[in-house]
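2 protein chains.
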Amino acid sequence: MSNIKLVIEYDGANYCGWQRQVNGISIQQVIEEAITKLTNQKITIHGSGRTDAKVHAKGQVASFKLESSIPPKNIYKALNQVLPDDIKCLSSEEVSEDFHARFSAIGKHYQYIIVNRDVKSAINRNYIMNVRDNLDIEKMKQGATHFVGKHDFIGFMATNSSVKNTIRTIHKISVTSFEQQILIDVWGNGFLYNMVRIIVGTLIEVGKSTIKPREVQSIILQKKRKLAGKTAKASGLTLVEVFYK
Amino acid sequence: MSNIKLVIEYDGANYCGWQRQVNGISIQQVIEEAITKLTNQKITIHGSGRTDAKVHAKGQVASFKLESSIPPKNIYKALNQVLPDDIKCLSSEEVSEDFHARFSAIGKHYQYIIVNRDVKSAINRNYIMNVRDNLDIEKMKQGATHFVGKHDFIGFMATNSSVKNTIRTIHKISVTSFEQQILIDVWGNGFLYNMVRIIVGTLIEVGKSTIKPREVQSIILQKKRKLAGKTAKASGLTLVEVFYK
Numbered sequence: 001m002s003n004i005k006l007v008i009e010y011d012g013a014n015y016c017g018w019q020r021q022v023n024g025i026s027i028q029q030v031i032e033e034a035i036t037k038l039t040n041q042k043i044t045i046h047g048s049g050r051t052d053a054k055v056h057a058k059g060q061v062a063s064f065k066l067e068s069s070i071p072p073k074n075i076y077k078a079l080n081q082v083l084p085d086d087i088k089c090l091s092s093e094e095v096s097e098d099f100h101a102r103f104s105a106i107g108k109h110y111q112y113i114i115v116n117r118d119v120k121s122a123i124n125r126n127y128i129m130n131v132r133d134n135l136d137i138e139k140m141k142q143g144a145t146h147f148v149g150k151h152d153f154i155g156f157m158a159t160n161s162s163v164k165n166t167i168r169t170i171h172k173i174s175v176t177s178f179e180q181q182i183l184i185d186v187w188g189n190g191f192l193y194n195m196v197r198i199i200v201g202t203l204i205e206v207g208k209s210t211i212k213p214r215e216v217q218s219i220i221l222q223k224k225r226k227l228a229g230k231t232a233k234a235s236g237l238t239l240v241e242v243f244y245k
Numbered sequence: 246m247s248n249i250k251l252v253i254e255y256d257g258a259n260y261c262g263w264q265r266q267v268n269g270i271s272i273q274q275v276i277e278e279a280i281t282k283l284t285n286q287k288i289t290i291h292g293s294g295r296t297d298a299k300v301h302a303k304g305q306v307a308s309f310k311l312e313s314s315i316p317p318k319n320i321y322k323a324l325n326q327v328l329p330d331d332i333k334c335l336s337s338e339e340v341s342e343d344f345h346a347r348f349s350a351i352g353k354h355y356q357y358i359i360v361n362r363d364v365k366s367a368i369n370r371n372y373i374m375n376v377r378d379n380l381d382i383e384k385m386k387q388g389a390t391h392f393v394g395k396h397d398f399i400g401f402m403a404t405n406s407s408v409k410n411t412i413r414t415i416h417k418i419s420v421t422s423f424e425q426q427i428l429i430d431v432w433g434n435g436f437l438y439n440m441v442r443i444i445v446g447t448l449i450e451v452g453k454s455t456i457k458p459r460e461v462q463s464i465i466l467q468k469k470r471k472l473a474g475k476t477a478k479a480s481g482l483t484l485v486e487v488f489y490k
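For the record, the sequence lines run as chains R and F. The working numbering puts the first residue of the first sequence at 1, with every later residue one more than the last. The working numbering puts the first residue of the second sequence at 246, with every later residue one more than the last.
1) So the beta strand (DSSP E) Glu67 of chain R belongs to, where does it begin and stop?
2) Does the beta carbon of Leu90 of chain R sit closer than 8 Å to a beta carbon anywhere in chain F?
3) For Lys353 of chain F, return the contacting residues in chain R, with the cut-off set at a CB-CB distance below 8 Å.
4) Taking Lys478 of chain F as the reference, which of F:Tyr357, F:Val461, F:His396, F:Ala302 has the closest Cα?
5) What's the C-alpha gap between Gly107 of chain R and Arg168 of chain R?
6) In its own chain, which residues sit with a C-beta less than 6 Å from the C-beta of Asp52 of chain R, not counting the 5 before and 5 after it?
7) Within a Cβ cutoff of 8 Å, which residues of the same chain sit near Leu335 of chain F, ignoring the five residues on either side of it in sequence?
8) Of the residues F:Lys490, F:Gly433, F:Gly292, which one's Cα is nearest the Cα of Phe398 of chain F?
9) For a quick check, are the C-beta atoms of Ala279 of chain F and Val340 of chain F less than 8 Å apart?
10) Report the three-state DSSP secondary structure of Phe488 of chain F (helix, strand or coil).
11) Evaluate contact between the stretch 141-149 of chain R and the stretch 205-216 of chain R, counting only Cβ atoms and requiring at least three cross-stretch pairs below 8 Å.
12) In whole angstroms, what is the alpha-carbon distance linking Asn369 of chain F and Asp85 of chain R?
13) Kindly indicate if chain F contains any beta-carbon less than 8 Å away from that of Asn23 of chain R.
14) What is the DSSP secondary structure of Ile368 of chain F, counted as helix, strand or coil?
15) Spell out the partners DSSP gives Val360 of chain F in its beta bridges.
16) Count the other CB atoms within 10 Å of the CB of Leu311 of chain F; is the residue buried (16 or more) or exposed (fewer)?
17) Which same chain residues end up closer than 7 Å to Val376 of chain F when comparing Cβ atoms and leaving out the 5 residues on each side of it in sequence?
18) Should Val267 of chain F go down as buried or exposed, given a rule of 16 or more other Cβ atoms within 10 Å for buried?
19) Please determine, among R:Phe178, R:Val240, R:Ser177, the residue with the shortest C-alpha to C-alpha distance to Val186 of chain R.
20) Within 10 Å of its beta-carbon, does Gln467 of chain F have 16 or more other beta-carbons around it, so buried, or fewer, so exposed?
21) Please return the same chain residues whose Cβ sits closer than 6 Å to the Cβ of Gly446 of chain F, not counting the five positions on each side in sequence.
22) Glu9 of chain R versus chain F: which residues are under 8 Å apart at the beta carbon?
23) Could you name the residues of the stretch 366-395 of chain F whose beta carbon sits closer than 8 Å to any beta carbon of chain R, in the order they occur along the chain?
24) Could you tell me which residues DSSP puts in a beta bridge with Ser2 of chain R?
25) Taking only the alpha-carbon atoms, compute the straight-line gap between Val487 of chain F and Ser293 of chain F and give it to the nearest angstrom.
26) Is it buried or exposed, Lys172 of chain R, if we count other Cβ atoms within 10 angstroms and call 16 or more buried?
27) Cα separation between Asp133 of chain R and Ser2 of chain R?
28) With distance defined between alpha-carbon atoms, name the residue in R:Val55, R:Phe191, R:Phe103 nearest to Phe64 of chain R.
29) In whole angstroms, what is the alpha-carbon distance linking Gly400 of chain F and Ala350 of chain F?
30) In terms of alpha-carbon separation, which member of R:Gln217, R:Asn194, R:Lys226, R:Ile220 lies closest to Val55 of chain R?
31) Mapping DSSP to helix, strand and coil, what is Gly262 of chain F?
32) I'd like to know whether the C-beta of Asn325 of chain F is nearer than 8 Å to at least one C-beta of chain R.
33) Please list the residues of the stretch 161-187 of chain R that have a C-beta atom closer than 8 Å to any C-beta atom in chain A, keeping them in chain order.
34) Using the Cβ count rule (16 or more neighbours within 10 Å means buried), how would you classify Val451 of chain F?
35) Say whether chain R places a C-beta atom closer than 8 Å to the C-beta of Ile280 of chain F.
36) How would you list, in chain order, the residues of chain F whose beta-carbon sits under 8 Å from the beta-carbon of Lys58 of chain R?
What follows is the structure in structure tokens.
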């Protein structure tokens, strides 16, 4: 048995998210079925984490044990032959027996794309969130700095989540803009359920001047979900990269 | 009657192109039907030019005569209420009686997006063309310079086109790259059928080193379609802007 690490890109628009669900087709299910088609084995793959319905990935990582004659480095090519257009594997390799896509992960990079304009976007509409109110980028940059560091992010977690340890470290956030597009890139050691989308929703309020940049700090300290901004739309979010030792 | 100029953004993936056709739904048809829905009038709109099936636009322009109580500057907002997600109007205004989106146009800007990598793109797949062979950007930049100027571009026109005057002026071409993405931007006074896509197909051959950069000049001069590169995939092309006096 080989332990295989797979790096995957997907367009989440037509899926119910990464994880298998009773209602709806998940990315996990499609990849597992592709592996079965290829190897005649029923395999469970472990993702680095769940991504929600409509969220995308440029570098999701999954691991699984496989007995196969296909050289590990070629598995991704074989899988791409049977995968649909909106899910493609970027690489595959054999890793040490104790590697686990989720438990071995030490960090992640997410990117969120806002298009700040009056009219809804026709082009790229599945990869962005449109915001009509004029956003002040400088304020958003100032507000973002307060997220960096080790904090209890319980106020930035979906209320239906039951995770016990809600302390996470954000290593870096950048807010950059080009024409009408605003990119929010977040690097951290891990993220709670909906955490990036709530951070983005909060920065949108900062950009709209309904929350002052320096108020972000007290919102984090007060640990109440209702003080933070709305959960930003799933479509704007992409899991860019998962980091391992 | 007011003469209205409309600026339109669309995702061409699900359409047979700009122009009305018997088989398939066109952008023109959808917009005309939206105007009818809004004003109860049967209107013919004139685009600045046709875009092919699957080609996109960030700034297509159309003009039409309309008798309506809606202020011209608000027509685009009203239209967006009835248009589908993949077609949106960016602005509308009343223009002088002799303005015609096609005949008044003095130039256009097209952009083509190539993603140069081994694996097909899942994300953005409808907005790009994937090229697997490694492309030499410097050679593409050198090759591109030869297109600039006034030339007979008959060798860069689809063979089924019957246009008589095949002389066009290209004002500028830029080839830029970022990570795996290569952008080819072309500005000119007008373009023959498939001309941008054949220019891109030729620059791809230059990037693959099957055509030398300086050979582009003689390919233009020899005026034979078969000497130029293949017609690049429609999905990578976007009409960015149409220029008027």
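In this text, a Cβ means the ideal position worked out from N, Cα and C, and glycines have one as well.
Straight from the coordinates:
1) Annotation: Glu67 of chain R is outside any beta strand (DSSP E) and is labelled neither H nor E by DSSP.
2) Interface residue, yes.
3) Neighbours of Lys353 of chain F across chain R, judged by C-beta separation under 8 Å, do not exist; the nearest C-beta is about 17 Å away.
4) Checking every option, the nearest Cα to that of Lys478 of chain F belongs to F:Tyr357.
5) Straight-line Cα distance between these residues: approximately 10 Å.
6) Cβ within range, chain order: Gly17, Ala234.
7) Apart from the 5 residues on each side of it in sequence, Leu335 of chain F sits with its Cβ closer than 8 Å to the Cβ of Val252, Ile253, Glu254, Gly304, Tyr321 in its chain, given in chain order.
8) By alpha-carbon distance to Phe398 of chain F, the top candidate from F:Lys490, F:Gly433, F:Gly292 is F:Gly433.
9) For Ala279 of chain F and Val340 of chain F, no; Cβs fall outside 8 Å.
10) In the structure shown, the three-state DSSP call for Phe488 of chain F is strand.
11) Yes, the stretch 141-149 of chain R is in contact with the stretch 205-216 of chain R.
12) If you draw a straight line from the Cα of Asn369 of chain F to the Cα of Asp85 of chain R, it is about 11 Å long.
13) The beta-carbon of Asn23 of chain R is placed no less than 8 Å from the nearest beta-carbon of chain F.
14) Coil at Ile368 of chain F, not helix or strand.
15) Bridge partners of Val360 of chain F: F:Asn375, F:Gln426.
16) So Leu311 of chain F counts as buried.
17) Counting only Cβ-Cβ distances below 7 Å, and skipping sequence neighbours, we find Ile359, Asn361, Ile449.
18) Under this definition Val267 of chain F is an exposed residue.
19) Of the listed residues, the one whose Cα sits closest to Val186 of chain R is R:Val240.
20) Exposed is the label assigned to Gln467 of chain F, since fewer than 16 other Cβ atoms lie within 10 Å of its Cβ.
21) Taken in chain order, the residues that qualify are Gly474, Lys475, Thr476, Ala477.
22) Residues of chain F passing the Cβ test: Val364, Ser366, Ala367, Ile368.
23) With the criterion set as a beta carbon lying under 8 Å from some beta carbon of chain R, the members of the stretch 366-395 of chain F are Ser366, Ala367, Ile368, Asn369, Arg370, Tyr372, in sequence order.
24) In DSSP, Ser2 of chain R forms a bridge with R:Leu66.
25) Taken atom to atom, the span from the alpha-carbon of Val487 of chain F to that of Ser293 of chain F is near 7 Å.
26) By the 10 Å Cβ count, Lys172 of chain R comes out exposed.
27) Taking the straight line joining both Cα atoms gives about 52 Å.
28) It is R:Phe103 whose Cα lies nearest to the Cα of Phe64 of chain R.
29) The alpha-carbon atoms of Gly400 of chain F and Ala350 of chain F are separated by roughly 24 Å.
30) Ranking R:Gln217, R:Asn194, R:Lys226, R:Ile220 by CA distance to the CA of Val55 of chain R puts R:Asn194 first.
31) Look at Gly262 of chain F here: in three-state DSSP terms it is strand.
32) Chain R places a beta carbon closer than 8 Å to that of Asn325 of chain F, counting this residue as a contact.
33) No chain A appears in this structure, whose protein chains are R and F.
34) By the 10 Å Cβ count, Val451 of chain F comes out buried.
35) Output row for Ile280 of chain F: interface = no.
36) Near Lys58 of chain R (Cβ distances below 8 Å), the residues of chain F are Ile368.
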